[in-house]
Structure formats: C-alpha cells, structure tokens
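So the protein lines, in turn, are chains A and B.
In case it helps, the UniProt record's numbering puts the first sequence at residues 1 to 261.
In case it helps, the UniProt record's numbering puts the second sequence at residues 1 to 261.
Yeah, the Cβ is synthetic: ideal placement off N, Cα and C, and Gly gets one too.
Fair warning: this is a prediction, and the values are worked out from it, not measured in the lab.
Number of protein chains: 2
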Amino acid sequence: MKSITSSANPMYKELKLLATSSQARRKAGRTLLDGVHLAQSYLQHVGLPALCVVSETALLNAEVASLLAQCEAGAVKCVVLPDPHYHVLSQVEHGVGLLFVIDTPKSVVPSALTQSAVLLDNLQDPGNLGSILRSAAAAGIKQVYCSGGTAFAWSPKVLRAGMGAHFLLEIFEGVDLAAVVAHARIPVLATSSYATQSVFQADLTGPVAWLFGHEGQGLAEDLLQLASQHVVIPHLGPMESLNVAAAAAICFFEQVRQTQK
Amino acid sequence: MKSITSSANPMYKELKLLATSSQARRKAGRTLLDGVHLAQSYLQHVGLPALCVVSETALLNAEVASLLAQCEAGAVKCVVLPDPHYHVLSQVEHGVGLLFVIDTPKSVVPSALTQSAVLLDNLQDPGNLGSILRSAAAAGIKQVYCSGGTAFAWSPKVLRAGMGAHFLLEIFEGVDLAAVVAHARIPVLATSSYATQSVFQADLTGPVAWLFGHEGQGLAEDLLQLASQHVVIPHLGPMESLNVAAAAAICFFEQVRQTQK
C-alpha cells in the first residue's frame, strides 16, 4: 500500500481534479465513490475498483480494513493519505475515509427500446436523479436513458443519492430521446396533468418506458407529443404538481403493483 | 412604497438576519417566501404577507407588479431595495426579485389523531421534507407532525421544495410523536423491509397516519414498535431501500388509488 504525504504528488493532484471538476471526471471517464456503502455495492455488483484511497484514520475502521483487504487481494492499487489531504477529496462530512476510483461504464444505446426503461429529459437536480435511479432499480427497471441536458449521472452527488442503484442499471447518457422514442417497441408513457387517463387505470402489466422532464418546465413539447400515452397522477388536494422523483416513484411502483397482482 | 438604500437601515438588517439565520427565523416566528410562485400560493391560500420586498429590477416585471399592487391594495408594507442589497437576501439564483415576509403559523397539536396525517421522525434533508409536504398536500392529506429532530419546515429551502404545500397543510413542529401515536384513533402505518404485508395489500380506504424516519437510520425503534401496522414496499430489484420522499409518495398515492376505486 502506497502512502502519499505530499500534496504535490501527481497522483494526488489527479485525485483532487477528479474530486472537484465535473469536466475532469467526464474527460477521464472516471469518478469517485465515497464511503463504505457505495464501495460495498460496487464490489458486490460490478467488481474491483481502479484505485482505493483511504485516510490514515480510516485504517483503524474494521469495515474499511475489510474492503481494503479485498482490494489488495485483487491487486488493486491502494493509497493512504494523511487526513487533511484526504478531506480535500471527499464531499461527505464526517465520512469514514474511504474512496474508490472507478471507470464510468460506457454503454452503447440499444437499437430499439424493448424492455422497461426510464427516459430523462433535461432533469437538473442531482438529488432527484439519484432518487429516480434508486426507485427504478428497486422497481426492477434496468435501463435509464438521459438526454444531453440531464445532470451527469456519475457525479459524486448523484452517486450518493443513488445509493448503489448505478451498479444495477444500464445508464445511457447524452441520448437523443426523440430517436429512442421513435424506435420504441413498447408503450412510452408521459405524465401530464392534462391527461384524462389515470396512471392507475393504464395497463402496466407489460414493459413500458417512462418519460420525465425538467423540474420546472416539465417535458419538452416534442417529446410529450411523441409519447404513446399520457397519464395523470390523480390529486386529491389543490397542489399543482409533484416533485419529479416522487412522481417517478409513484409510476414505477404502480407498475410493480400491477406486475405482482 | 418605501425605498431602502443603506445597508445600515434597521429593517434591512432585520431582513438579512431572517434570510441567513435559521435561529433568527425561529425566534422571530417569521420566514421568507422567495419568488412569484410561493407568493401567489400564499395570497391564494392564506392571505396577505407581513411585508413585501422587491428589487429595483423586479419593478419592471409584470407578475411582480401585479403582486405588489395586491399587497399595496391590502395596506401591506412594501419595500424596494437596490439589486445588490436584494440579492443578499435571496438564495434563489436568477430569481425574479420578490420576497414575502410572513409569520409562520403556530398550530396547536390536536388532542387525538383522527384524520390522515404524516408523522416525521428526525427527517434531515430539506429537499426530502419539502417533497413529502408536496406529495402529502397533493394526496389530500392535511396534517403533518414533525419531531423535534426533523428539519425546520419553514426554512427557505423547505419552502422552495414544498412549492406552496405549506399553505395547504397544518404543520406541527417539535412534536412528541410517541404521544401522538399513543393517542391515535386511526391506524398508524410504518414502512419496514421486514414487514410481511405489502403496502398494496393494506386497507387504506379509511384515514391512516404514515410514519417516516431519518434518511440513514430509518424510524426510531420505539416508534416502529408503537406503529399499529408494518408494511413493505415490495422491490423487484436488489436495491436495499428507497429515498424516504419516494417511499412516502408511493404510500400516499396508494392511499389515493384505494380511496378513488
């Protein structure tokens, strides 16, 4: 295990760049997983990381020691940093002191949409994106298509909110959603407060794709028009709309309910 | 309409304190509503604010001018600030330049729980709290009980995420939830991954109260034991858990579905 003590060390400088710059993460095709839970999920569902980084204090933690041992057994490069150097890399307050550096998967968009999926158009908030990925994975949905304007799915914030969902999903980014919808072989559903059919009346017993849009502006008009069905989540109170991640959870789990019946 | 140009002005100093200090907001029993949407919802569902604050630039905006006219017609004190002074008060980037100062309502906890409600134990994240309030209001739930450890419901962040839900709900804060559950005359449901009954099988056709807990640790064990029923949100994928606001939305709208059937 290598110990880095100088902040001028080239590997440390590279880690700092990955930790602080979204552009650097996209360019390098790498990102950081922060904390024991994400690291465990990654080992369980994907495999070994490219690099394992721990703080000096974290070496005393039994869970970290066990993860470190797994990495070393798999010949993963492991690095120990003095606590102040480590904390520059982590966005998690009172975190345990463990980071995995991983290669972000590059998935090729399938030629046709044939299984249940989520299509996200211009979704902005990392917390909402993470929550939607988590709900999708829990609902057994396996594919997520993100438009170019959607938040970067592999940012530390989205990874944290996703709680490991990323490793159960195929996530396609920078996707032309109109083309995906045009080539869909399954119904593509969009929620709309103007729809006459309730999501609870829609037939969700087969695979469907769910379209969700921007937090403020909703779905782009062209995509709304391309959707094969519009459904409304019925309200009993005079609220105009739901948070997009809440709406997505309701839709995905209505699909779960109908599938399990 | 009063124009304040000095940052040493006592009213401006008070506004700055309200904008930046949660403690000051709690002490004063006042908070800030930021933006046209919250202001409109407040006028529609509650009434006139204590004070209306606008930036110089916002005076040119037609929606702001209309809200300002309503305030002035109701003899509400209105204040114009130079843009740089205004921006110190607002957390909204590229906001329109309108703030309402309002008195936070003080609700007295009813002696018994008799209508559908949400009980929040130690919920931390303002975005989650706002999303839950929004889902509850949309589902026709009218009461929300927050434990002392739950995020302050009237903070600007929670208000923004709530999108006006606050004005459709009775929100009780600093509540002893164990006492509320003990005096409940309706079923109190808690979600648990160990439950054998699915939320989709539970009878939600009458009023029920929903218990949700801390984002990481879940519901306190004593509250979980006090709940009259435990229900599970069935998962089709190997995700451990859902975001708490997503779980709440699924529960509230399963209740809507069963009520509407």
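Relative to the C-alpha of residue i, which residue among the options is closest?
{"i": "A/T31", "options": "A/H45, A/Q44, A/C52", "result": "A/C52"}
{"i": "B/H45", "options": "A/F253, A/Q258, A/A248, A/G237", "result": "A/G237"}
{"i": "B/L189", "options": "B/S241, B/A246, B/G149, B/S116", "result": "B/S116"}
{"i": "A/I171", "options": "A/L129, A/V181, A/Q197", "result": "A/L129"}
{"i": "A/Q23", "options": "A/P105, A/S155, A/S90", "result": "A/S155"}
{"i": "A/E14", "options": "A/L89, A/T57, A/L38", "result": "A/L89"}
{"i": "B/K157", "options": "B/L38, B/A28, B/A8, B/G29", "result": "B/L38"}
{"i": "B/G218", "options": "B/L123, B/S111, B/T20", "result": "B/L123"}
{"i": "A/L119", "options": "A/Q260, A/R257, A/T259, A/V208", "result": "A/V208"}
{"i": "B/F212", "options": "B/T196, B/H183, B/S107, B/L242", "result": "B/L242"}
{"i": "A/A112", "options": "A/T104, A/A182, A/A153", "result": "A/A182"}
{"i": "B/A220", "options": "B/A202, B/Q258, B/L177", "result": "B/L177"}
{"i": "B/T259", "options": "B/A179, B/P10, B/D203, B/S3", "result": "B/D203"}
{"i": "A/Q91", "options": "A/S66, A/A62, A/R160", "result": "A/R160"}
{"i": "B/A153", "options": "B/A179, B/S107, B/V180", "result": "B/S107"}
Would you mind sorting residue i into buried or exposed? The rule is 16 or more other CB atoms within 10 Å of its CB.
{"i": "A/D125", "result": "buried"}
{"i": "A/V244", "result": "buried"}
{"i": "B/S131", "result": "buried"}
{"i": "B/V199", "result": "buried"}
{"i": "residue 273 of chain B", "result": "Because chain B in this structure spans residues 1 to 261, residue 273 of chain B falls outside the shown range and cannot be described."}
{"i": "A/V231", "result": "buried"}
{"i": "B/G216", "result": "exposed"}
{"i": "B/D121", "result": "buried"}
{"i": "A/L60", "result": "exposed"}
{"i": "B/T205", "result": "exposed"}
{"i": "A/Y86", "result": "buried"}
{"i": "A/G97", "result": "buried"}
{"i": "A/A248", "result": "buried"}
{"i": "A/G74", "result": "exposed"}
{"i": "B/S21", "result": "exposed"}
{"i": "B/T150", "result": "buried"}
{"i": "B/Y12", "result": "buried"}
{"i": "B/G127", "result": "buried"}
{"i": "B/R185", "result": "exposed"}
{"i": "B/A246", "result": "buried"}
Enumerate in chain order the residues of its own chain whose CB-to-CB distance from residue i is below 6 Å, with the five nearest sequence positions on each side excluded.
{"i": "B/E93", "result": "none"}
{"i": "B/A165", "result": "L133, R134, A137"}
{"i": "B/P234", "result": "S198"}
{"i": "B/L224", "result": "A190"}
{"i": "B/G162", "result": "G130, L133, R134"}
{"i": "B/A227", "result": "V188, A190, L211"}
With DSSP as the reference, label residue i as helix, strand or coil.
{"i": "A/R185", "result": "coil"}
{"i": "A/I132", "result": "helix"}
{"i": "B/V180", "result": "helix"}
{"i": "B/S111", "result": "coil"}
{"i": "A/S41", "result": "helix"}
{"i": "B/S193", "result": "coil"}
{"i": "B/F252", "result": "helix"}
{"i": "B/V244", "result": "helix"}
{"i": "A/G237", "result": "coil"}
{"i": "A/G218", "result": "strand"}
{"i": "A/L119", "result": "strand"}
{"i": "B/L68", "result": "helix"}
{"i": "B/Q96", "result": "Here the sequence assigns Val to residue 96 of chain B, which means Gln is not the residue at that position. DSSP places B/V96 in coil when its eight states are reduced to three."}
{"i": "A/Q23", "result": "helix"}
{"i": "B/L211", "result": "strand"}
{"i": "A/V232", "result": "strand"}
{"i": "A/Q225", "result": "helix"}
{"i": "B/V46", "result": "coil"}
{"i": "A/L204", "result": "coil"}
{"i": "B/A8", "result": "coil"}
{"i": "A/Q124", "result": "coil"}
Using the DSSP secondary-structure output, state which residues sit across from residue i in a beta bridge.
{"i": "A/K2", "result": "A/V79"}
{"i": "A/E170", "result": "A/Q143"}
{"i": "A/V101", "result": "A/L32, A/L51"}
{"i": "A/V175", "result": "A/S147"}
{"i": "A/S198", "result": "A/V232"}
Closer than 7 Å by C-beta to residue i: which residues in its own chain qualify, once you throw out the five before and the five after it? Chain order, please.
{"i": "B/F253", "result": "A139"}
{"i": "B/Y42", "result": "L33, P49, F100, I102, F167"}
{"i": "B/V175", "result": "V109, Y145, C146, S147"}
{"i": "A/T5", "result": "P82"}
{"i": "B/S192", "result": "L224, H230, V232"}
{"i": "A/A28", "result": "L18"}
{"i": "A/S55", "result": "L81, D83, Y86, G97"}
Less than 8 Å between C-beta atoms, sequence neighbours within five positions excluded: which residues of the same chain meet that for residue i?
{"i": "B/M1", "result": "L68, E72, C78, V79, V80"}
{"i": "B/G95", "result": "D34, G35"}
{"i": "B/L169", "result": "L133, A136, A137, I141, K142, Q143, V144"}
{"i": "A/I250", "result": "V199, I233, L242"}
Report whether the distance from the Cβ of residue i to the nearest heavy atom of the ligand ZN is below 7 Å.
{"i": "A/Y194", "result": "Of the ligands one can find in the structure shown there are none, so the ligand ZN has no counterpart to examine."}
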